[in-house]
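What follows is a set of notes on a single structure, which appears directly below.
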């Protein structure tokens, strides 16, 4: 896969994987949202071509799209590292490391054998270095040099946050220490059932133009490492009769191998594998311990990087969901306890519409910017109340607000929460108007209806939003249209559920647009004061325990 990387003005990194068509712009529905005032709402598109490459084209933006400083006239084929400029922001196009042709250079070969392993060394054992008085001077110097390079690696990788750079540093240092001819680092990736080669290195300094060697790795070795969570070592694979069934060893004429797990908290994140085609007994158990030390440090950083990436993704998810759901529901979704998927499901809910009365007249007597500022203050006040009663904000349509209780999460008292929110919204409007000049004051009408709806995260792969549909929604909108300033009107199903809590006035049966029959409408005058908050009240001949918000 390929991806886009963008650092915002607060220094936070945003990364998105590219699909068939991806969009860049200021609007939150874009694949990559760029919060830059000179970026258009829909600024540019990146499209995958028939040959798998990606091309960027401008979407008719005001200020154009640039690649490496050049204006994109029609479309531009992207290559790894290209810098896309939109407005004053710069986005980097990256071909993900998983799309690097390493898979063509590394083969994990299935072997019909019990084991390739001369010895196993658990990664958490202490290094088996001899006491000083038992070590010859030459051996001591060799051990010192290995530990010195290992220490240097620990100092450098501890500051490295780029995964590809980190893994390459590990292999480079491994080749300084050990007489390896080839080295591979493989990682377990999300939603992939096999180890994925991430970096590969061959020792061939004489000919830089030579095509890199193909590396075969024994599946038996990898299985042993993953299952036993231990490093393994082979001394002379070609001479060991136990390797008779290992086609990968025979084909590659491998004489020595050394492999260790990238182990973090008992979880195998990947494998580091080195082999030698020349030296028999090229690697020792002390070498295995040093390599295991590399692996432990690398595993910590890999795990940290993945957690950081997950944290950044959760932040972005929260930012988007906070526009839609109350803070409590946002936590439900982020934690995984609540799943919002594309598609619809049948639910019972209460739908609210709130609309400003005389909005056109208001806009005629106010400058446009003042109208926008006034609307933003009003929306902020109303949404806070909706979220207080744990409703879901569906959308703003001009000056109209649509909210839902019962989707995407249901409660027994959804209808009550919706009516209480509507009454409080009207009360809040009285206080809000008192803070405004007389010529800027306005009123709202609210309509609510309860019934079956179809709810879900709907739309295209480029733009999806959570919404509800159905006759219940249409009726709620019609009730809002019938509401006078300061009115809260409810439909018959809402009244059946919570009428016993309310002071209401029954209006004459009304013929609503789109309805064959007249509809009973009730105006809410207030909420009754109940002395006993757990008192049961009759509803349609039954009783239920009242819940107090």
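Numbering (my numbering), first residue to last: 699 to 1247. Even for Gly, the Cβ is constructed at its ideal location relative to N, Cα and C.
If you draw a 10 Å sphere on the C-beta of residue 751, you find fewer than 16 other C-beta atoms in it, and that means exposed. Taken through DSSP and simplified to helix, strand or coil, residue 928 comes out as strand. Per the C-alpha coordinates, the member of 983, 894, 1134 and 1148 positioned closest to residue 928 is 983.
Within 10 angstroms of the beta-carbon of residue 1219 lie 16 or more other beta-carbons, which makes it buried. Residue 742 and residue 712 have their C-alpha atoms roughly 17 Å apart. Look at residue 1078 here: in three-state DSSP terms it is helix.
Under a 10 Å Cβ-count criterion, residue 1204 is classified as exposed, with fewer than 16 other Cβ atoms of the shown protein chains found around its own Cβ. Residue 745 places its beta carbon less than 7 Å from that of residue 719. Taking 7 Å as the cut-off, the Cβ atoms of residue 1100 and residue 1051 count as close. Between residue 1066 and residue 1090, the beta carbon gap of about 30 Å keeps them out of contact (Cβ cut-off 8 Å).
Taking residue 1175 as the centre and dropping the five residues before and after it, the same chain places the C-beta of 1051 closer than 6 Å to its C-beta, in chain order.
Rounded to the nearest angstrom, the Cβ distance from residue 776 to residue 754 is 6 Å, consistent with a contact under 8 Å. Two segments are said to touch when three or more pairs of C-beta atoms, one from each, lie closer than 8 Å; by this definition the segment 1134-1141 does not touch the segment 1204-1213. In this structure, DSSP gives residue 991 a helical state, which the three-state scheme calls helix.
For residue 982, no beta strand (DSSP E) run applies, since DSSP gives it neither H nor E. A direct Cα-Cα distance of roughly 16 Å separates residue 1061 from residue 1095.
Buried is the label assigned to residue 914, since at least 16 other Cβ atoms lie within 10 Å of its Cβ. According to DSSP, residue 750 shares a beta bridge with no other residue. Here residue 1201 is exposed, its C-beta having fewer than 16 other C-beta atoms within 10 Å. Residue state for residue 1176 is assigned as helix, using DSSP reduced to three classes. With respect to residue 1054, residue 1144 sits apart: the two C-beta atoms are not nearer than 7 Å.
Only exposed fits residue 1009, as fewer than 16 other CB atoms lie within 10 angstroms of its CB. Residues of the same chain with a CB within less than 6 Å of the CB of residue 971, apart from the 5 flanking positions on each side, are 882, 915 and 957 in chain order.
For residue 715, the enclosing beta strand (DSSP E) starts and ends at 711-715. Rounded to the nearest angstrom, the Cβ distance from residue 1188 to residue 1146 is 5 Å, consistent with a contact under 8 Å. The bridge partners DSSP lists for residue 1187 are 1145 and 1221. In this structure, the CA atom of residue 1216 is about 11 Å from the CA atom of residue 1190.
A residue is called buried once 16 or more other Cβ atoms fall within 10 Å of its Cβ, and residue 1115 is buried on that count. For residue 1094, the enclosing beta strand (DSSP E) stretches over residues 1090-1095. In the three-state reduction of the DSSP assignment, residue 741 falls in the coil class. Residue 1202 carries a strand assignment under DSSP once its states are collapsed to helix, strand and coil. Ranked by Cα distance from residue 1168, the options 733, 1102, 1063 and 1108 are led by 1102. Sequence-distant Cβ neighbours of residue 747 in its own chain, meaning closer than 7 Å and more than five residues away, are 753.
Taking 7 Å as the cut-off, the beta carbon of residue 973 is found no closer than this to the beta carbon of residue 901. Residue 765 places its beta carbon 7 Å or farther from that of residue 749. Per the DSSP secondary-structure output, residue 784 pairs in a beta bridge with 763 and 787.
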